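*Asks:*
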Amino acid sequence: MDKQLNDLLYGLPPGVDYTEDLTSLDDQDIPVDRIPKLQALLDAEDENAAFRAAWVLCEWGHKAGFDYMRTFVMREPSMQGGWYEHRLRGYDDTYRFSLEAFLGYWAKLADRNEADEPRIREEIFEPTIRVIELSNQMPFTIEPVFSMVQSFGMTQYIPALKAHLQAIIKEPQKHHWKVADCAHLLMKFDPEFVAKTLAAHGYTLADFPNK
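Residue numbering for the sequence shown follows the working numbering, starting at 15 and increasing by one per position.
Have a look at this one:
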């Protein structure tokens, strides 16, 4: 990636010292002159650059970024290898970052009070469910969804999380930390379901201690 493209996709505006991540800028620091350049990248042949541009735009509350990201996660067949390797475990984390983008898109618009907030929640629902379903088989985690449920009251995801737990408990060696995260979250909403789901495979919650 050349320096000009890298600066466009990752470079912070002058004077920003509260974050190292372009996706985390406060509204007043978003470089508006960069937005059309990022939008142009959504049609680039370089899919890595297009994904990153969509991620940034989505986190900044721009519909073009969300639309690209939604199409990306909904497409068939799913991507089996992306561009963001987990720094410790080595598996691909690209889909998890799409969840970060969906949550950021909703949060930015909600903070601005510029849109019908329930409509935005509905808009991000289908692609978020899709990523949860992909994580049923793939190793990446879905921690942003836990924030959606626990911190922002998006309990509409609980049925999908129950299905997620039922899927990943079948391969606890592969998904161990994910089983713990999901089970402990669901304990706050339906402890009986968690106990029965784990027991059906010979486990209790004590086998999956919280981090």
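Ideal Cβ placement from N, Cα and C applies to all residues, glycine included.
In this text the structure is predicted, and so the values were computed from the model without any measurement.
In chain order, what residues of the same chain lie with their CB nearer than 8 Å to the CB of Lys176, ignoring the 5 residues before and after it?
*Replies:* The residues are Leu200, Asp204, Phe207, Thr211.
*Asks:* Rounded to a whole number of angstroms, what is the C-alpha to C-alpha distance between Ala124 and Ile138?
*Replies:* Rounded to the nearest angstrom, the two C-alpha atoms are 13 Å apart.
*Asks:* Out of Trp191, Glu147, Asp35, which one is the CA nearest neighbour of Ala115?
*Replies:* Considering only alpha carbons, the answer is Asp35.
*Asks:* Does the beta-carbon distance from Leu113 to Val163 come in below 9 Å?
*Replies:* No.
*Asks:* Who are the near neighbours of Ala181 in its chain, counting only those whose CB is closer than 8 Å to its CB and skipping five residues on each side?
*Replies:* Counting only Cβ-Cβ distances below 8 Å, and skipping sequence neighbours, we find Asn150, Gln151.
*Asks:* Could you check which residue in Leu55, Asp106, Gly118, Glu59 has the C-alpha nearest to that of Phe166?
*Replies:* Checked all of Leu55, Asp106, Gly118, Glu59; the closest Cα to Phe166 is Gly118.
*Asks:* Along the alpha helix (DSSP H) that carries Arg66, what are the first and last residues, could you check?
*Replies:* Note, Arg66: alpha helix (DSSP H), 61-73.
*Asks:* Which same chain residues, not among the five before or five after Asp57, have their C-beta less than 8 Å away from its C-beta?
*Replies:* Excluding positions up to five away in sequence, the list reads Ala64.
*Asks:* Can you give the beta carbon distance from Ile172 to Arg110, rounded, assuming they're within the 8 Å contact cut?
*Replies:* Ile172 to Arg110, Cβ: 19 Å. No contact.
*Asks:* Locate the alpha helix (DSSP H) running through Tyr82, then write down its first and last residues.
*Replies:* 77-88 is the span of the alpha helix (DSSP H), which, as asked, contains Tyr82.
*Asks:* Starting from the Cα of Glu61, find the closest Cα among Trp191, Phe86, Leu148 and give me that residue.
*Replies:* Checking every option, the nearest Cα to that of Glu61 belongs to Phe86.
*Asks:* Could you check what DSSP says for Asn224 in three-state terms: helix, strand or coil?
*Replies:* Correct three-state label for Asn224: coil.
*Asks:* Starting from Ala194, follow the alpha helix (DSSP H) in both directions and report where the run begins and ends.
*Replies:* It spans 186-200 - the alpha helix (DSSP H) in which Ala194 sits, taken as one unbroken run.
*Asks:* Under a three-way DSSP split, which group does Gln151 fall into?
*Replies:* DSSP places Gln151 in coil when its eight states are reduced to three.
*Asks:* Would you tell me roughly how many angstroms separate the C-alpha atoms of Ile49 and Leu71, rounded to the nearest one?
*Replies:* One C-alpha to the other measures close to 7 Å.
*Asks:* Quick check on this structure: which residue in Met168, Tyr217, Thr169 has the alpha carbon closest to the alpha carbon of Lys184?
*Replies:* Residue Tyr217 is the option with its Cα nearest to Lys184.
*Asks:* The alpha helix (DSSP H) that contains Pro158, what's its start and end?
*Replies:* That run of the alpha helix (DSSP H) goes 157-164.
*Asks:* Between the Cα of Asn224 and the Cα atoms of Val159, Lys192, Ala214, which residue gives the shortest distance?
*Replies:* Checking every option, the nearest Cα to that of Asn224 belongs to Lys192.
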